[in-house]
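Novice: What follows is a single structure, and I will ask about it in a moment.
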Amino acid sequence: MEWETVIGLEIHTQLKTKSKIFSSAATAYGAAPNTQACGVDIALPGVLPVMNREAARMAVKFGLAIGATINQTSVFARKNYFYPDLPKGYQISQLELPIVGQGSITVDVNGIKKTIGITRAHLEEDAGKSLHEDFHGMTGIDLNRAGTPLIEIVSEPDMRSAAEAVAYLKSIHSLVRYLDICDGNMQEGSFRCDANVSIRPQGQEEFGTRTELKNINSFRFVEKAIEFEVERQIDILEGGGRVVQETRLYDADNHQTRSMRSKEEANDYRYFPDPDLPQMVLDDADIEAIRAELPELPDARCQRFVTDYGLSDYDAETLTANRELADYYEQAVATLPDQPKLVANWVNGELAAGLNRENLAITNSPVSAIMLGELVTRIDDNTISGKIAKEVFEAMWSG
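Have a look at this one:
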């Protein structure tokens with residue numbers, strides 16, 4: 177039988193606010209455990225949450241960037257469940273009236289454009305973190321992350337392969353960094369996703385039973401986890417069994433998914449409006465002021481690089497994958513405006529190789545954009561050859 181894969185992603189994006197969503201506690205990464213959790217974050221008796229205006233502004237910024245409906249009135253709800261790192265016994269989130277409604281984003285998969293629907297992007301607080309290392313068989317709880325502001329970006333089940341899912345995830349990752357609302361650091365957990373995966377016979381309209389792959393924090397692992405889960409579900413159905421709706425974890429070391437718990441439905445969470453938080457109301461002036469702050473977005477910048485600099489689609493997409501790299505290229509090419517392709521070759525070639533070799537971000541490059549532009553100028557005016565330029569580049573790189 178021919179099977180069709182159906183995938184939807186829920187992306188948890190940590191917002192770059194200095195304080196938490198409902199308290200003034202700090203959000204800086206790397207503090208000693210339980211030093212950044214105040215009474216509001218752990219729901220001590222008598223404390224009241226107060227909405228962080230900056231978190232709302234960042235959520236609206238994202239909604240405008242994906243052409244979504246912005247709900248001028250949104251409601252916070254309590255999502256009730258019990259987990260060791262959730263001290264309140266509930267999470268403040270949004271359900272029926274989220275701040276960001278339906279939108280979409282277009283991705284490129286092997287040269288084919290596809291539009292992925294986004295159901296909503298809602299504000300919520302993060303839970304704490306369970307620590308399983310060095311506790312002699314016990315689990316430690318760090319509540320520093322409790323109350324950190326997130327937007328959860330929920331896609332439509334529009335993806336049909338692991339490759340499409342990764343392309344969508346990378347597009348969202350690039351967008352939130354362009355908007356400067358998230359640092360995108362997947363290793364620190366500030367950008368992570370859950371993948372809902374099901375299969376169905378080719379041509380069938382009804383969805384199959386889905387499983388949720390929880391908290392995956394790398395593009396490669398997302399792809400591998402989905403591919404493994406699709407094969408697992410095919411084996412079950414072709415063997416006469418049935419897929420159970422559940423939450424599963426991806427074990428990267430053994431390349432398999434493992435059952436974590438049965439998957440709850442929304443009604444199991446007993447959502448109800450949070451009695452301590454009023455409706456959040458935005459007026460037209462608020463939204464238009466945020467719209468005026470939007471930067472040039474990745475797709476528009478990519479197209480401009482093709483049009484203005486005569487770059488190939490591949491070069492333009494590579495250079496605009498993140499905002500800092502695109503800025504670097506434009507600073508470098510300003511030194512030599514009549515050779516945009518030559519500058520692009522050096523940024524995507526020698527510079528990228530050096531950054532990858534030493535695992536550096538573009539912002540930490542030992543060779544500045546102006547330095548690189550001046551080096552390429554010496555090639556262009558025949559002062560040095562390309563071969564000698566590579567030797568000079570290595571000398572510049574090492575100081």
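Residue numbers (my numbering): 177 to 575.
Where a beta carbon is used, it is the ideal one built from N, C-alpha and C, also for glycine.
None of the values given here were measured: they were computed from a predicted structure.
#1: Among ASN540, LEU220 and GLU340, whose alpha-carbon lies nearest the alpha-carbon of TRP573?
#2: Alpha carbon to alpha carbon, what distance is there between LEU425 and PHE383?
#3: Of the choices GLN212, ALA207, PHE198 and GLN248, whose alpha-carbon is the least far from that of ALA231?
#4: Could you pull the start and end residues of the beta strand (DSSP E) that ILE303 belongs to?
#5: Can you tell which of CYS358, SER366, ASP411 and LYS346 has its C-alpha closest to the C-alpha of ARG376?
#6: Which runs of the beta strand (DSSP E), 3 residues or longer, sit entirely within the stretch 259-332?
#7: What residues match up with GLN190 in a beta bridge as DSSP calls it?
#8: My guess is that TYR504 and ALA545 are in contact by the Cβ rule of under 8 Å, so how many angstroms apart are they, rounded?
#9: Where are the alpha helix (DSSP H) runs, 4 residues long or more, that stay fully inside the stretch 420-464, in chain order?
#10: Output the residue ranges of the beta strand (DSSP E) runs that lie fully inside the stretch 334-391 and measure 3 residues or longer, sorted by chain position.
#11: Helix, strand or coil for THR181 per DSSP?
#12: Nearest-angstrom Cα distance between ASN372 and SER350?
#13: On the DSSP letters alone, give me the boundaries of the beta strand (DSSP E) that ALA529 sits inside.
#14: To the nearest angstrom, how far is the alpha carbon of LYS517 from that of LEU487?
#15: Compute the distance between the beta-carbons of ALA341 and VAL398, then report whether it is under 8 Å.
#16: DSSP state of ALA213, grouped into three classes?
#17: Below 6 Å CB to CB, which residues in the same chain sit around GLU180 once its five sequence neighbours on both sides are set aside?
#18: From the DSSP output, which residues share a beta bridge with SER488?
#19: How is ARG254 classed by DSSP in three states: helix, strand or coil?
#20: Hey, quick one: how far does the alpha helix (DSSP H) through ALA235 stretch, first residue to last?
#21: How many whole angstroms separate the CB atoms of PHE395 and LEU345, which I take to be in contact at a CB cut-off of 8 Å?
#22: Only counting runs of 4 or more residues, tell me where the alpha helix (DSSP H) segments fall wholly within the stretch 503-553, in order along the chain.
#23: Decide if the stretch 432-439 is in contact with the stretch 207-217; the criterion is three or more beta carbon pairs, one per stretch, under 8 Å apart.
#24: Decide if LEU470 is buried, meaning its Cβ has at least 16 other Cβ atoms within 10 Å, or exposed.
#25: Going straight from the alpha carbon of ILE640 to that of ARG254, what length do you get?
#26: According to DSSP, simplified to helix, strand and coil, what is THR494?
#27: In its own chain, which residues sit with a C-beta less than 6 Å from the C-beta of ASP370, not counting the 5 before and 5 after it?
#28: Can you give me the Cβ contacts of ALA401 inside the same chain, cut-off strictly under 7 Å, excluding the 5 residues immediately before and after it?
Specialist: The structure says:
#1: Selected option, being the one with the closest Cα: ASN540.
#2: If I take the Cα positions, the gap works out to 22 Å.
#3: Nearest of GLN212, ALA207, PHE198 and GLN248 to ALA231, Cα basis: PHE198.
#4: Here residue 303 is Ala; the residue named in the question, Ile, does not match the sequence. Counting along the chain, ALA303 falls outside any beta strand (DSSP E), and DSSP gives it neither H nor E.
#5: When C-alpha distances from ARG376 are compared across CYS358, SER366, ASP411 and LYS346, the shortest belongs to ASP411.
#6: Within the stretch 259-332, the complete beta strand (DSSP E) runs of at least 3 residues are 266-269, 279-285, 288-301, 305-307, 316-318 and 325-331.
#7: Beta-bridge pairing by DSSP links GLN190 to LEU326.
#8: About 5 Å separates the beta carbons of TYR504 and ALA545, which is inside the 8 Å limit, making them a contact pair.
#9: List check, alpha helix (DSSP H) in window: nothing returned.
#10: List check, beta strand (DSSP E) in window: 367-377.
#11: In this structure, THR181 counts as strand in the three-state DSSP scheme.
#12: Rounded to the nearest whole angstrom, the CA to CA distance from ASN372 to SER350 is 22 Å.
#13: Counted as a single uninterrupted DSSP element, the stretch harbouring ALA529 is not any beta strand (DSSP E) but the alpha helix (DSSP H) occupying residues 528-533.
#14: Their backbone Cα atoms lie some 6 Å apart in a straight line.
#15: Yes, they are a contact pair.
#16: The answer is coil: DSSP assigns ALA213 none of H, G, I, E or B.
#17: Within the same chain, and ignoring the five residues on either side of GLU180 in sequence, the residues whose Cβ sits closer than 6 Å to its Cβ are ARG376 and GLN378.
#18: Under the DSSP definition of a beta bridge, SER488 lacks any partner.
#19: In the structure shown, ARG254 sits in a strand (DSSP, three-state: E or B).
#20: Run containing ALA235: 229-241, per the alpha helix (DSSP H) assignment.
#21: Contact annotation, PHE395 with LEU345: C-beta distance approximately 6 Å; criterion of less than 8 Å satisfied.
#22: Counting whole runs of 4 or more residues, the stretch 503-553 contains the alpha helix (DSSP H) stretches 516-522 and 528-533.
#23: Taking one beta carbon from each stretch, the stretch 432-439 and the stretch 207-217 have fewer than 3 pairs nearer than 8 Å; the two do not touch.
#24: Only exposed fits LEU470, as fewer than 16 other CB atoms lie within 10 angstroms of its CB.
#25: Past the edges of the chain, shown from 177 to 575, lies residue 640, and the structure says nothing about it.
#26: Note: THR494 maps to helix in three-state DSSP.
#27: Within the same chain, ASP370 has close Cβ partners GLU186, GLU388 and LYS390.
#28: If we look at ALA401 and ignore the five residues flanking it on each side, its Cβ neighbours are ALA371, LEU389, ILE392, TYR426 and THR433.
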